[in-house]
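**Q**
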Amino acid sequence: TCATMDRDGEFVPLVDEPCASDVRVALVLPHYRWARAMNERYTIYLGRDSSMQAALIVVERTATGDEVRRVNKLGALDTPYRARWGGL
């Protein structure tokens with residue numbers, strides 16, 4: 091899913107997504123433009139800003155409901171997309 095984010099991801103208003111109520115997500119939510127990609131098990135949100143910084147949110151679908159598993163800020167050197175983000 092992460093590998094196909096540029097091709098398959100769709101931009102979404104993260105504030106409207108169920109994970110937005112998680113405190114960790116709320117801290118990074120307003121600072122990025124968010125794209126979403128999904129597979130059978132996970133929903134991945136990748137936020138990008140004009141400074142080539144990024145944030146990653148991983149939500150796992152479980153039998154008891156969706157659970158935010160990871161919220162990370164990423165620098166330009168932490169992501170394989172850094173070469174493509176120059177025009178943001």
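Quick note, the numbering used here runs 90 ahead of the 1-based positions in the sequence shown. Beta carbons are placed, not taken as given, at the ideal position from N, Cα and C, and that holds for glycine.
#1: I'd like the list of long-range same chain contacts for V148, defined as Cβ closer than 7 Å, with 5 residues on each side in sequence excluded.
#2: What span of residues does the alpha helix (DSSP H) with L136 cover, start to end?
#3: Among the residues of its own chain, which have a CB less than 8 Å from the CB of D139, if the five just before and after it don't count?
#4: Any idea what DSSP makes of A153, helix, strand or coil?
#5: Who are the near neighbours of K163 in its chain, counting only those whose CB is closer than 6 Å to its CB and skipping five residues on each side?
#6: Does the distance from the C-beta atom of A127 to that of D98 stay below 7 Å?
#7: Enumerate in chain order the residues of its own chain whose CB-to-CB distance from D112 is below 6 Å, with the five nearest sequence positions on each side excluded.
**A** In this structure, then:
#1: By 1-based counting over the sequence shown, the position of residue 148 is 58. Excluding sequence neighbours, V148 sits near Y132, I134, R159, R160.
#2: By 1-based counting over the sequence shown, the position of residue 136 is 46. Note, L136: premise wrong, no alpha helix (DSSP H); beta strand (DSSP E) at 132-138.
#3: Against the sequence shown, residue 139 aligns to sequence position 49. Excluding residues within five positions, the ones whose Cβ falls inside 8 Å are H121, Y122, R123, L178.
#4: Looking up residue 153 in the sequence shown gives position 63. Of the three classes helix, strand and coil, the one that applies to A153 here is coil, per DSSP.
#5: Counting from one through the sequence shown, the residue named residue 163 turns up at place 73. Closer than 6 Å at the Cβ level, and outside the excluded window around K163, lie A145.
#6: Your numbering for residue 127 matches position 37 in the sequence shown. Your numbering for residue 98 matches position 8 in the sequence shown. It is a contact, given that the beta carbons lie within the stated cut-off.
#7: Numbered from its first residue, the sequence shown carries residue 112 at position 22. Only V158 meet the Cβ criterion.
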